[in-house]
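Novice: Heads up, the sequence shown is in our numbering, so the first residue is 9 and it goes up one at a time.
Each residue gets a CB set at the ideal place from its N, CA and C atoms; glycine is no exception.
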Amino acid sequence: MRHRASAISEQRDRCATLTMGAAGKKRKKMEKDALKYADGINKNVARETQKEADVIAERLLKTCAEPKRDLTKIAAEIADLRSRTSALKPAQSYELGKDWRLVFASDDDAISVVGTGLHKLPLTRMQDFFITLEGGSNTARNIVTIEVLRVIGPFPNLRNTLSGGCKSTGAGSLNIRYTSMIDGTGKETGGSQTGEQDRVVDVDVAFVGQGVLVLESVSAKSKKPLSLVFAKEPDLEGELAKLRVAGDKKDDKKKK
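Written out as C-alpha cells, the structure reads:
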C-alpha cells in the first residue's frame, strides 16, 4: 500500500509539473504577444507622428524662406516639432544621413555652435553653410561641416572645413567631435591631427525628416536657446562649385 501511495504521489507531482510547465509556456506566449502588439502600436504611432511632423516641417521651410521672416512663428513651429522628439528619436534616425544646407539661424551664436565662429570677424559674413552626416550606424556617424565665408572687398570666398564624428547620446541628442579643421588657405589649423584638443559639441536634434533638419543648443554665455534649420541639399558639389569653393585645397595640393 505504501508503494502504491508513493507511486500515486509521484504521478500527481508529475502531472502538477506538466500543468505548471504548460501554464508557464502559455503565460510567456501571452506576454510575447502583448509585447509584439504594443510594439506594433508604437510603430504606428511613430509613423503617424512622423507624417504630422513632416507637414509642420514643410511649413517651417516656407516660413524660413519668406522675405520678411516671422521669428515668433518660426519659434512656434520649431517648438511644435520638438514636442514630438520622444516618439520619433530623431538623433537615431536614418534620415540624418544626408547633405544639409542652412536656411535659418536664430542668430550668429547659433552658427558658432557647430561652425568656427570666424564669420564674426570684421568685414566677414557667412555666405553659406553645409553639414554632411554620413556612414556608420544610426547611432554613430561621420560629420563634415563646410562654411563659406565672404570677405567684403575684391576677395574670393573662403571655405572652412570641419570634420570628425558624432554619436547619439539619447533619443534627441548628438555629441559631435571635430578632429580636423582646414581653413580657407588649405592649411590644417585645428584638431588632434595638429596636436590640439578635439573640439566637442553637444546639440539637440529637435527634428529630422526627409527634407528638414532642426538642431538646437543653448548659448553658453546668455543661456538663451539657439536654433538652426537645414534643408536637404541634393547637389552639394554643384552648390560649392557655384560658390567657387569646390574641392579641398589641401587635397588639390597633394594631387599636384
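Between which two residues does the alpha helix (DSSP H) carrying serine 181 extend?
Specialist: Premise fails: serine 181 lies in the beta strand (DSSP E), 181–190, not in any alpha helix (DSSP H).
Novice: For serine 176 and leucine 141, I'd like the C-alpha separation in whole angstroms.
Specialist: 12 Å
Novice: Alpha carbon to alpha carbon, what distance is there between alanine 113 and proline 233?
Specialist: 11 Å
Novice: What is the DSSP secondary structure of aspartate 117, counted as helix, strand or coil?
Specialist: helix
Novice: Would threonine 169 be called buried (16 or more neighbouring beta carbons within 10 Å of its own) or exposed?
Specialist: buried
Novice: With distances taken from CA atoms, which of Arg92, Lys250, Ile184 is nearest glutamate 56?
Specialist: Arg92
Novice: State the DSSP-derived secondary structure class of aspartate 107, mapped to helix, strand or coil.
Specialist: Per DSSP, reduced to three states, the secondary structure at aspartate 107 is strand.
Novice: Is the CB-CB distance between aspartate 136 and leucine 221 below 7 Å?
Specialist: no
Novice: Which residues mark the beginning and the end of the alpha helix (DSSP H) in which serine 94 is found?
Specialist: Segment 93–96, the alpha helix (DSSP H) holding serine 94.
Novice: Classify lysine 106 as buried or exposed, calling it buried when 16 or more other Cβ atoms lie within 10 Å of its own Cβ.
Specialist: buried
Novice: Would you say the stretch 56–73 touches the stretch 81–100, given that touching needs at least three Cβ pairs under 8 Å?
Specialist: yes
Novice: Go ahead and pull the three-state DSSP assignment for glycine 178.
Specialist: coil
Novice: Would you decide whether valine 122 is buried or exposed? Buried here means 16 or more other CB atoms lie within 10 Å of its CB.
Specialist: buried
Novice: Measuring only the C-alpha atoms, how far is alanine 73 from isoleucine 64?
Specialist: 14 Å
Novice: Would you call the CB atoms of isoleucine 320 and isoleucine 151 closer than 7 Å?
Specialist: The chain is shown from 9 up to 264; residue 320 falls before or after that span and cannot be answered.
Novice: In terms of residue numbering, what span does the beta strand (DSSP E) encompassing aspartate 206 cover?
Specialist: From DSSP, aspartate 206 is part of no beta strand (DSSP E); its letter is neither H nor E.
Novice: Can you tell me whether alanine 148 is helix, strand or coil according to DSSP?
Specialist: strand
Novice: Give every residue of the same chain whose Cβ lies closer than 8 Å to the Cβ of glutamate 247, excluding the five residues on either side of it in the sequence, and list them in chain order.
Specialist: The answer, listed in chain order, is Arg109, Asp136, Phe138, Glu241.
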